[in-house]
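**Q**
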Ligand code: NDP
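In our numbering, the protein residues as written are -15 to 382.
#1: Between residue 135 and ligand 1, is the CB less than 6 Å from at least one heavy atom?
#2: Return the residue from the list 152, 165 and 336 that minimises the CA-CA distance to residue 67.
#3: I need the straight-line Cα distance from residue 160 to residue 273, nearest angstrom please.
#4: Taking only heavy atoms of ligand 1 into account, decide whether any of them is closer than 6 Å to the Cβ of residue 51.
#5: Give me, in chain order, the residues of the same chain whose beta-carbon lies closer than 8 Å to that of residue 282; leave out the 5 immediate sequence neighbours on both sides.
#6: What is the rounded straight-line gap between the Cα of residue 267 and the Cα of residue 104?
#7: Touch check for the region 233 to 248 and the region 290 to 300: three-plus C-beta pairs under 8 Å?
#8: Please confirm whether residue 47 and residue 128 have their CB atoms less than 7 Å apart.
#9: Kindly give me the distance between the Cβ atoms of residue 133 and residue 155, rounded to whole angstroms, as I take these residues to be in contact under 8 Å.
#10: CA-CA distance, residue 51 and residue 314?
#11: Using only alpha-carbon positions, find the residue among 245, 44, 216 and 322 that is nearest to residue 126.
#12: Verify the contact flag: residue 75, CB atom, against every heavy atom of ligand 1, threshold strictly below 6 Å.
#13: Out of 170, 121, 188 and 326, point me to the one whose CA is closest to residue 148's CA.
#14: Measure how close the beta-carbons of residue 359 and residue 145 come, nearest whole angstrom, since I'm counting them as under 8 Å.
#15: Is residue 42 closer than 7 Å to residue 107 when the C-beta atoms are compared?
#16: Measuring only from the beta carbon, is residue 96 closer than 6 Å to any heavy atom that is part of ligand 1?
#17: Hey, how far is the Cα of residue 357 from the Cα of residue 180?
#18: Do residue 125 and ligand 1 come close, with the Cβ less than 6 Å from some heavy atom?
#19: Look at the alpha carbon of residue 183 and the alpha carbon of residue 165, and state the distance between them as a whole number of angstroms.
#20: Measure the C-alpha to C-alpha separation of residue 203 and residue 115 and round it to an integer number of angstroms.
#21: For the beta strand (DSSP E) that residue 96 lies in, which residues bound it at each end?
#22: Using 6 Å as the cut-off, classify the Cβ of residue 206 as near or not near the heavy atoms of ligand 1, replying yes or no.
#23: For residue 248, count neighbouring Cβ atoms within 10 angstroms of its own Cβ and tell me buried if that reaches 16, exposed if not.
#24: Using a 10 Å radius around the Cβ and a threshold of 16 neighbouring Cβ atoms, would you call residue 211 buried or exposed?
#25: Helix, strand or coil for residue 65 per DSSP?
#26: Between the C-alpha atoms of residue 172 and residue 346, what's the straight-line distance to the nearest angstrom?
#27: Starting from residue 80, trace the beta strand (DSSP E) both ways and give me its first and last residue.
#28: What do you reckon, are the CB atoms on residue 354 and residue 218 nearer than 7 Å?
#29: Short of 7 Å in beta carbon distance, which residues of its chain neighbour residue 65, apart from the five on each side in sequence? Order them along the chain.
#30: Start and end of the beta strand (DSSP E) containing residue 335?
#31: Report, in whole angstroms, the separation of the C-beta atoms of residue 141 and residue 290, which I expect to be a contact under 8 Å.
#32: Rounded to whole angstroms, what's the CA-CA distance from residue 58 to residue 277? Just pull it up for me.
#33: Taking just the CA atoms, how far does residue 118 sit from residue 82?
#34: So who's on the other strand from residue 272, going by DSSP bridges?
#35: Check the C-beta distance from residue 216 over to residue 168 and give it rounded, since I have them as a contact under 8 Å.
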C-alpha cells in the first residue's frame, strides 16, 4: 500500500477516479501519454526473457478491492504485453461498472470461479483477495490451467505455500508472487549499485515499515482478523522489508532469525494479530538485516537503508507506488538525493514480466518459491518472538 492507503482516509487520485466514469478517461489519458514511451522498452527486470509478439496475454483480476482498483487495473494501461479480459468479484454491479470503464466484458463470481477453466480468453490470473483466500483461489486457478500471479504475502502458512508451489508444478503453469519492488526503477538502481560494489562491501541493512491500522476502514478490518490476514503487521507490511532486503543480497543465505513483538499492551486492535515486531535476520555472509514492522506508527514509514564500507544508500520512502527515491552518501561525494525512474512503471512492468514468463513457461522473476522462502522466514520470526527472542536456526537460501 502507499501512504495514502494506509491512513484509511486519504485516497489517492487513482483510487478516487478508478471505479467511476472518470476511470475510462484516466486510462485513456494514461495509455496515450505512455504509449510512445512504452514501445521498444525492454521488459524491466526480466531482460533475460525474449520480447513477445504483439498479441497480449489475457488476464483475469480476482477481487476488485482497494489495491486492484486503485493500482493494478490502471497499471495495465501502460502494459504492452498484457491486457485484462475478465473480472472475478462478489459484487456484480461493481464489476460491470469497472468493465464499462476498462472495456472488460467477461465476469465471474466466486461460486462460478472454476468456470474460468473453459474460458480461452484468460491466460493469467491476478489474485488480489485478502491473504487468507490466496491459497485456495491460486490453486483453483492453477487447476483450471491458468498461470497465477498472487499478491503478497503469498498466503497464511508455509504449508499453504508449499501446496501452491506443488499445484503449479502439477499443472505445468507458472506461479509468481506480486513483489512489485523487483520491477521498480529506484530499487533496481539500488540493486545495481550494490552489486556493482559502489558502496564497497555491504555491511548492514535496516528495514522499517509501518502505518497506523484503522479498524473502521474495511481494507484494514480484515488485516486485523487472523483468518483473513494470516498474520499481523509482519505479513502485511513487514514482508516488504524482508523481501526488499533480500533482493539486495543475491546468493546469500539466512542462517538465524530472532525477533521480539512490539505490540502496545492493551491495544484492542490486536486481539488476533500482532501490532508490531522487531526482527533480525543473520546472513551467512555475516551481514545482519535489522527490521521492524508496525501497525502502530504514524505517519506511514517505508524505509530501507544499506550501509557499505565506503558509502550508504537510504531509500525513504522505498516501497511506495509513486514516490521512491535514493539518498546516496559517502564515497567522497556530497550527499545526493535522486530518482532513477518513475516508480509508477512498476505495475505495468510486473504484469508484462509475468506475461512473458508465462508465455515462455519459465519462472517469473519473483516466483512462488520466493514467496515460500519469505513465508519460512516469517514463520521463524513468529517462532522466535513467541519464545522471547530465542534464535531460530534456519538454512534458507536467498
Ligand atoms: P481490500 O479489502 O480493499 O480488497 C479485497 C477484495 O477482495 C474486496 O474488495 C473483495 O472484492 C474481495 N473479497 C472477497 N472475499 C472477501 C472477504 N471475505 N473479505 C474482504 N474482501 C473480500 O484489500 P486490498 O485491496 O488492500 O488488498 C488485497 C490484496 O492485495 C491483499 O493480498 C494485500 O496484501 C494486497 N496488497 C498489495 C499491495 C502491494 O503494494 N503489493 C498493496 C495493498 C494490498 P470484490 O468485492 O470484488 O469481491
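The beta-carbon is built from N, C-alpha and C at its ideal position, and this holds for glycine as well. Model, not experiment: these values are computed from the prediction.
**A** According to the structure shown:
#1: yes
#2: 336
#3: 24 Å
#4: yes
#5: 195 and 196
#6: 45 Å
#7: no
#8: no
#9: The Cβ separation is near 15 Å, so there is no contact.
#10: 37 Å
#11: 44
#12: yes
#13: 121
#14: 4 Å
#15: yes
#16: no
#17: 25 Å
#18: no
#19: 20 Å
#20: 11 Å
#21: Run containing residue 96: none; DSSP gives neither H nor E here.
#22: yes
#23: exposed
#24: exposed
#25: coil
#26: 21 Å
#27: No beta strand (DSSP E) holds residue 80; the alpha helix (DSSP H) holding it covers 76 to 86.
#28: no
#29: 36, 40, 41, 336, 339 and 340
#30: No beta strand (DSSP E) contains residue 335, which is instead part of the alpha helix (DSSP H) from 329 to 344.
#31: The Cβ separation is near 31 Å, so there is no contact.
#32: 28 Å
#33: 22 Å
#34: 188 and 266
#35: With 8 Å as the limit, residue 216 and residue 168 do not qualify as a contact, their Cβ atoms being about 25 Å apart.
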